[in-house]
Amino acid sequence: MLDQHCAEQQKRHEEKKFVISEYDFVYLPIDFSTRANKGYAFVNFTTVEAANNANKEIHRRKWVIFNSKKVARVCYARVQGKTALVNRFSCSQFRCDTDEFLPATFTPPRNGTTSRPPPDTVGKRIINSLPLKHSR
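Residues in the sequence shown are numbered from 1 upward in steps of one, following full-length UniProt numbering.
Okay, structure coming up:
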């Protein structure tokens, strides 16, 4: 969804209708017991204009792709900016078996049209191991 939004904004930018939309940080918190997302995300757009455009496009949008009755709600986060978000999550530990669930940064920022080099992850992944039960 983010790449699609940014690609549309990029096209409008090329037509001189909008500023370019790019993001350089994204984190979708996951409930590791169900492997489902928790229903919210942290995204850092690289400009205020890009964040405002995303707000206009995404806020109150229905999640039709998932056949859900849920509606997106965009809120401004207390922690702002890529550096602050990286600092916030860099010491966090995530009990998961894949880096795909970790916060990610993008250099260069993603705009929906450029090539997509692999993201850098933030935080530490620790393998979820259950304590062994002792029998007597």
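Don't be surprised by glycine CBs; every beta carbon is placed ideally from N, CA and C.
- Message: Counting C-beta neighbours from all protein chains within 10 Å, is the total for serine 21 16 or more, i.e. buried, or is it exposed?
- Response: For the purposes of this step, residue 21 is taken as the residue at position 21 of the sequence shown. Burial call: buried.
- Run the proximity test for valine 64: is its beta-carbon closer than 7 Å to any non-hydrogen atom belonging to the ligand NAD? The ligand content of the structure shown is nil, which means the ligand NAD is not present either.
- Message: Taking the alpha-carbon of valine 48 as reference, which of Tyr76, Ser90, Val64 has the nearest alpha-carbon?
- Response: Stepping through the sequence shown from its first residue, residue 48 is reached at position 48. Checked all of Tyr76, Ser90, Val64; the closest Cα to valine 48 is Tyr76.
- Excluding sequence positions up to five away, which residues of its chain have a Cβ less than 7 Å from the Cβ of lysine 70? Taking the sequence shown and counting its residues from 1, one reaches residue 70 at position 70. Contacts found: Trp63.
- To which residues of the same chain is glycine 123 closer than 8 Å at the C-beta, ignoring the five residues directly before and after it? Position 123 of the sequence shown holds residue 123. Excluding sequence neighbours, glycine 123 sits near Phe89, Ser90, Cys91, Ser92, Gln93, Phe94, Leu102, Pro103.
- Note down, in chain order, each residue of its chain lying with its Cβ closer than 7 Å to the Cβ of aspartate 31, except the 5 sequence neighbours on either side. For the purposes of this step, residue 31 is taken as the residue at position 31 of the sequence shown. Closer than 7 Å at the Cβ level, and outside the excluded window around aspartate 31, lie Lys38.
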